[in-house]
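If you count the sequence shown from 1, position 348 lands on 348 in the UniProt record's numbering, and the numbers rise without skipping.
Ideal Cβ placement from N, Cα and C applies to all residues, glycine included.
As structure tokens, the structure follows; a few thoughts come after it.
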Amino acid sequence: MATTEMEEHAALRSETHTASTTTTTTTTTTATTATSDTNCFSNGYTHTNGHAHANGVIKKRKSALSLHNPDEPKTGGTKTVRFDSNLPSSHSSTSSLASYDSGVSVSSSTSFHSSSPSSSSTTVSSADGKTITTITTTSYTKTYVTDETSSKKQPSFQSWTALEFIVQSLVLVLVLAHIVVAPYTKVEESFNLQATHDILNFGITSKGVQQYDHLEFPGVVPRTFVGPLLLAAGSWPLMAIARCFAPDSGLPKGLVGQLIVRSVLGLFTFLGWHQMSRGIRHQFGRTVSILFMVVSASQFHWLFYAGRTLPNTFALSIVNVAYSYWMKASPSSQQTVTRRATERSLLRMIDCLVFATVLFRSEVLILMGPIILLELAMTRLGFWTTVLEGIKAGGASVAIAIAIDSWFWQTWMWAEGAVFWFNAVEGKSVAWGVSPWYTYFLVLLPKIAGLALPLALAGTVVEQRLRRYLLPAGVFVTLYSFLGHKEWRFVIYVVPLLNLGAAITLAWILKRKTIVYKVLAVALLGAVGLNFISSVAQSAISSLNYPGGQALQRLHELDLHRFAAATVHIDGAAAETGCSRFGEIGSSATLPTFSYDAAHNPPFLLHKPWTYSKDETHRHRRDFLHYTHLLTSQPAFHKDDFVTLEQVNGYAGIQRVPLSQIKEACPRAFKELVSAVSIAVSNPKESVASLWTACSPLQVKTEGRIWIMRRVGAMEME
């Protein structure tokens with residue numbers, strides 16, 4: 001063995017000195033698969049006694065071993081070693097861990113300094129930059145193919161890093177843009193938003209808590225104050241800055257605080273998503289990580305609800321961090337993972353899932369169960385270690401929940417425990433409707449995941465490691481399907497895993513070189529682009545679902561300068577579609593406090609705030625006569641005592657435009673287009689509406705939802 005190696009080195013020495021280069025040895029592989037945990041190779045390696053074999057093709061390992069990420073540049077050219085005759089297994093050297101991408105190579109740089117007359121070599125240079133060296137020794141013949149241009153074909157590390165940063169920044173901008181486009185919230189989000197407002201406005205003293213909204217309107221089930229407390233802590237510094245600049249910001253004053261709070265939540269959601277992308281990069285490489293970001297950025301529901309104060313949004317951020325720890329527990333293309341490090345990452349995963357379960361959404365327990373059982377079956381977790389960690393994390397989480405919730409609810413309270421009892425034990429969630437068992441699989445998941453769902457299923461074929469993540473997700477959705485009441489937000493935790501599967505499939509297709517796969521890659525990326533366009537359209541339409549918030553803002557624009565004091569009644573329809581305490585005038589969480597000065601013309605900030613009521617006990621017309629203004633969905637009931645100031649429209653569906661009408665509109669379509677473009681700079685919203693009206697066969701239908709009314713004879717400010 002030593003003689004033949006010396007002969008080979010001697011023959012190659014003259015070639016390397018002539019070319020004045022140092023070559024790098026890598027491998028080619030064939031389709032054989034190992035399924036062990038630490039050596040789960042998708043690119044075809046089978047380990048036998050520490051050796052890597054693949055039908056006469058081997059991977060060589062040197063003393064100085066370096067693992068190259070396929071998304072990062074390779075140093076030097078790529079050399080493929082092929083045997084023209086079968087080599088005994090004793091001639092193969094120990095292989096190292098391979099990664100997901102087939103381009104990962106174990107490489108080294110070797111210079112040869114000895115010679116032997118018993119070997120010969122032939123070198124041929126091709127036009128495409130490849131050098132083929134054939135070495136013939138007394139024992140066997142080897143052929144080396146050195147591709148001097150391979151390093152030029154690979155993007156640099158800086159290029160990948162810049163691309164990753166750009167995509168992440170784009171996602172964050174999209175999250176914030178969705179918040180600005182639809183700044184108001186609906187009834188499902190009201191508790192956390194109102195609670196955050198009250199913490200910022202009244203403080204957390206016992207006297208301040210007595211003024212909180214939830215004590216007057218507690219809702220069907222109690223909710224935890226942990227989320228609002230975190231939001232208030234993150235928003236307070238920005239709120240202090242906003243108080244200094246609010247009078248000159250040009251923004252509707254009631255929106256400033258609400259936008260800040262929702263933006264902070266959007267940032268929390270983004271950070272959890274970012275942590276998961278880092279876990280993906282650790283195990284699957286930068287290509288998959290970037291494609292995961294691209295797929296996520298094209299999905300409407302994730303972006304639109306990232307800044308919405310639902311308990312599920314808080315839980316999703318923590319679950320994404322748990323996914324990150326889960327993925328970091330496995331080997332990567334950059335490094336192996338010790339058993340101790342694996343166990344530590346898995347225990348941190350358990351901590352996150354327990355925290356999300358106890359504090360925010362109890363259904364996370366159904367997701368956590370299959371994950372832990374899988375890890376126990378794979379012996380990556382010990383049973384008693386898992387039990388002890390669960391007890392510690394659960395005990396700490398329950399203690400935090402009881403301490404915080406009991407203070408704010410003014411009674412002993414574990415809010416999420418009460419929610420679990422109401423929904424799961426008493427089964428009262430069915431009061432909100434019952435759906436068939438297949439709804440999640442056939443209706444809701446396709447709705448929120450879109451193209452990611454079929455791509456993820458295909459990913460389980462091309463990447464075995466993906467099955468470890470999708471199997472618990474599938475069990476979770478199956479078990480949750482037994483609960484009668486179903487909503488897409490209950491299973492949103494599986495969407496990041498589906499996006500991972502879609503990214504893996506896209507990465508695999510992009511690496512194929514045949515024309516069929518290239519066409520398929522272009523088609524799929526085009527579909528992702530169309531999904532993004534659809535997401536933008538859905539966001540614009542969804543912004544029409546909040547007429548209550550728009551009506552409250554519009555009321556202040558109409559009459560704030562005319563009434564030194566006013567009393568406003570907000571009915572149920574208005575309260576459920578966007579009215580919140582952040583929109584009320586006089587809230588110190590949104591506005592600075594100034595005294596009224598008659599010299600101000602018109603005065604914008606009042607000596608005392610307007611007062612607002614959501615009293616639902618009024619039944620007769622006389623019950624409303626002490627209000628100066630109404631936000632109501634029943635204007636006919638009040639027409640004798642109140643005058644309508646304005647009607648606020650809301651979304652009422654999509655209607656098709658007849659083909660004949662479209663043909664009639666074609667002659668003026670060009671004029672509409674030119675007109676829309678000409679006003680795009682000054683009024684982009686009207687520009688988009690004009691383009692849609694001129695060209696689209698579908699029209700968004702709106703109708704009156706909330707009416708702004710003023711009492712006849714109400715005394716205005718002199």
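Going by CA-CA distance only, name the one from GLU463, TRP437, GLY501 that's closest to ALA449. Stepping through the sequence shown from its first residue, residue 449 is reached at position 449. Checked all of GLU463, TRP437, GLY501; the closest Cα to ALA449 is GLY501.
Just to check my reading of the structure: residue 728 and ASP198 have Cβ atoms closer than 8 Å, yes? What is that Cβ distance to the nearest angstrom? Look at the range of the chain in this structure, 1 to 718, and you will see that residue 728 is not part of it.
Cutting at 7 Å between CB atoms, please list the residues of its own chain near GLY234, excluding the five before and the five after it. Translated into the one-based positions of the sequence shown, residue 234 becomes position 234. Once the five neighbours on either side are set aside, the close Cβ partners of GLY234 are VAL264.
Three-state secondary structure assigned by DSSP to TRP437: Working through the sequence shown from its first residue, we reach residue 437 at position 437. Reduced to three states, the DSSP call for TRP437 is coil.
For ARG705, count neighbouring C-beta atoms within 10 Å of its own C-beta (all shown protein chains included) and say buried if the count is 16 or more, exposed if not. Locating residue 705 in the sequence shown gives position 705, where the first residue counts as 1. Buried, by the Cβ-count rule.
Local conformation of PHE563 per DSSP, three classes: Reading the sequence shown from its first residue, position 563 is the one you call residue 563. Note: PHE563 maps to coil in three-state DSSP.
Sort out for me which residues DSSP pairs MET709 with in a bridge. Translated into the one-based positions of the sequence shown, residue 709 becomes position 709. DSSP, once it has assigned bridges, lists LEU630, THR644 as partnering MET709.
Look at the alpha carbon of ASP571 and the alpha carbon of PHE225, and state the distance between them as a whole number of angstroms. Here residue 571 corresponds to residue number 571 of the sequence shown, with the count starting at 1. Here residue 225 corresponds to residue number 225 of the sequence shown, with the count starting at 1. Looking at the two C-alpha atoms, the distance is approximately 26 Å.
With 16 as the cutoff for other CB atoms within 10 Å, does ALA507 come out buried or exposed? As a first step, residue 507 must be located in the sequence shown, where it is residue number 507. ALA507 comes out buried.
Whole-angstrom C-beta distance between TYR546 and GLY578, which should lie under 8 Å: The residue you call residue 578 lines up with position 578 of the sequence shown. The residue you call residue 546 lines up with position 546 of the sequence shown. Correct: roughly 4 Å between the Cβ atoms.
In chain order, what residues of the same chain have a beta carbon less than 8 Å from the beta carbon of TRP432, not counting five sequence neighbours either side? Mapped onto the sequence shown, residue 432 falls at position 432. Contacts found: HIS485.
Short of 6 Å in beta carbon distance, which residues of its chain neighbour PHE202, apart from the five on each side in sequence? Order them along the chain. As a first step, residue 202 is located in the sequence shown; it is residue number 202 there, counting from the start. Closer than 6 Å at Cβ, skipping near neighbours: GLY208, GLN211.
Are ARG278 and GLU164 close, meaning C-beta to C-beta below 8 Å? Indexing the sequence shown from 1 puts residue 278 at position 278. Indexing the sequence shown from 1 puts residue 164 at position 164. Contact flag unset, no.
Exposure of CYS244, with buried meaning 16 or more beta-carbon neighbours within 10 Å: Counted from its first residue, the sequence shown places residue 244 at position 244. So CYS244 ends up on the exposed side.
In chain order, what residues of the same chain have a beta carbon less than 7 Å from the beta carbon of LEU365, not counting five sequence neighbours either side? Here residue 365 is taken as the residue at index 365 of the sequence shown, counted from 1. Closer than 7 Å at the Cβ level, and outside the excluded window around LEU365, lie THR357.
May I have the straight-line CA-CA distance separating GLY257 from ASP641, to the nearest angstrom? Working through the sequence shown from its first residue, we reach residue 257 at position 257. Working through the sequence shown from its first residue, we reach residue 641 at position 641. Counting only the Cα atoms, ASP641 lies some 34 Å from GLY257.
Are ALA177 and SER542 closer than 8 Å when you measure CB to CB? In the sequence shown, the residue the question calls residue 177 occupies position 177. In the sequence shown, the residue the question calls residue 542 occupies position 542. It is not a contact, given that the beta carbons lie outside the stated cut-off.
Nearest to PHE482 by CA position, among PHE292, ALA575, GLU363, is which residue? Here the question's residue 482 lines up with position 482 in the sequence shown. It is GLU363.
Return the bridge partner residues of VAL568 from the DSSP annotation. Looking up residue 568 in the sequence shown gives position 568. Bridge partners of VAL568: TYR612, HIS629.
By Cβ distance below 7 Å, which residues in the same chain neighbour VAL398 in space, the five residues on each side in sequence not counted? Taking the sequence shown and counting its residues from 1, one reaches residue 398 at position 398. Excluding five sequence positions before and after VAL398, the CB atoms of its chain that fall closer than 7 Å to its own CB belong to VAL358, TRP414, given in chain order.
Just tell me which of LEU388, PHE360, GLU389, MET378 has its CA closest to the CA of ALA401. What you label residue 401 is simply residue 401 of the sequence shown in a count that begins at 1. Closest by alpha carbon: PHE360.
Would you mind giving the Cβ-Cβ distance between MET276 and TYR323, rounded to the nearest angstrom? I have them listed as a contact below 8 Å. Reading the sequence shown from its first residue, position 276 is the one you call residue 276. Reading the sequence shown from its first residue, position 323 is the one you call residue 323. That pair is a contact at about 5 Å.
List in chain order: all unbroken alpha helix (DSSP H) runs of 4+ residues lying wholly within the segment 184-235. 190-202, 206-209, 213-216
Please say whether ARG262 and ILE179 have beta carbons closer to each other than 8 Å? Here residue 179 refers to the residue found at position 179 of the sequence shown. Here residue 262 refers to the residue found at position 262 of the sequence shown. In contact: ILE179 and ARG262 (Cβ atoms closer than 8 Å).
First and last residue of the alpha helix (DSSP H) that includes PHE300? Counted from its first residue, the sequence shown places residue 300 at position 300. Counting along the chain, the alpha helix (DSSP H) containing PHE300 begins and ends at 300-305.
Taking LEU510 and ALA521 to be in contact with their CB atoms under 8 Å, please state how far apart those CB atoms are, rounded to whole angstroms. The residue labelled residue 510 in the question sits at position 510 within the sequence shown. The residue labelled residue 521 in the question sits at position 521 within the sequence shown. With a Cβ gap of about 5 Å, LEU510 and ALA521 count as contacting.
According to DSSP, is ALA127 part of a helix, a strand, or is it coil? Here the question's residue 127 lines up with position 127 in the sequence shown. Because the pLDDT of ALA127 is 40, which lies under 50, any placement of that residue in the model is unreliable, and the question is left without a value.
Indicate whether TYR493 and LEU259 have their beta-carbon atoms separated by less than 8 Å. Here residue 493 is taken as the residue at index 493 of the sequence shown, counted from 1. Here residue 259 is taken as the residue at index 259 of the sequence shown, counted from 1. No, the pair does not count as a contact, with Cβ atoms beyond the cut-off.
Taking the beta carbon of VAL712 as the centre, do at least 16 other beta carbons fall within 10 Å, making it buried, or is it exposed? As a first step, residue 712 is located in the sequence shown; it is residue number 712 there, counting from the start. Under this definition VAL712 is an exposed residue.
Beta-bridge pairing of GLY704 - partner residues as DSSP gives them: Taking the first residue of the sequence shown as 1, we reach residue 704 at position 704. Bridge partners of GLY704: ASN649.
Whole-Å CB distance - MET709 paired with LEU645, under 8 Å assumed: Sequence index remark: in the sequence shown, residue 709 carries index 709 (1-based). Sequence index remark: in the sequence shown, residue 645 carries index 645 (1-based). At roughly 6 Å, the Cβ-Cβ gap stays under 8 Å, so MET709 and LEU645 are in contact.
Tell me the DSSP secondary structure of THR33 in three-state form. In the sequence shown, residue 33 corresponds to position 33, counting from 1. For THR33, the predicted structure reports a pLDDT of 37, less than 50, and the residue's modelled location is therefore unreliable. The matter cannot be settled from this model.
Throw me the rounded Cβ distance for the ALA574 and ALA551 pair, which I believe falls under 8 Å. Residue 574 sits at position 574 when you count from the first residue of the sequence shown. Residue 551 sits at position 551 when you count from the first residue of the sequence shown. Yes, they are in contact, since the Cβ atoms of ALA574 and ALA551 sit about 6 Å apart, within 8 Å.
TYR699 versus SER660, GLY653, ALA714, residue with shortest Cα-Cα distance: Reading the sequence shown from its first residue, position 699 is the one you call residue 699. Rather than Tyr, the amino acid found at residue 699 in this sequence is Gln. Nearest of SER660, GLY653, ALA714 to GLN699, Cα basis: GLY653.
Residue from THR386, VAL475, THR313, ARG308 with nearest C-alpha to GLY272: Within the sequence shown, residue 272 is the residue found at index 272, counting from 1. That would be THR313, whose Cα lies nearest to the Cα of GLY272.
Considering PHE408, what are the terminal residues of the alpha helix (DSSP H) in which it resides? Sequence index remark: in the sequence shown, residue 408 carries index 408 (1-based). Residues 383-409.
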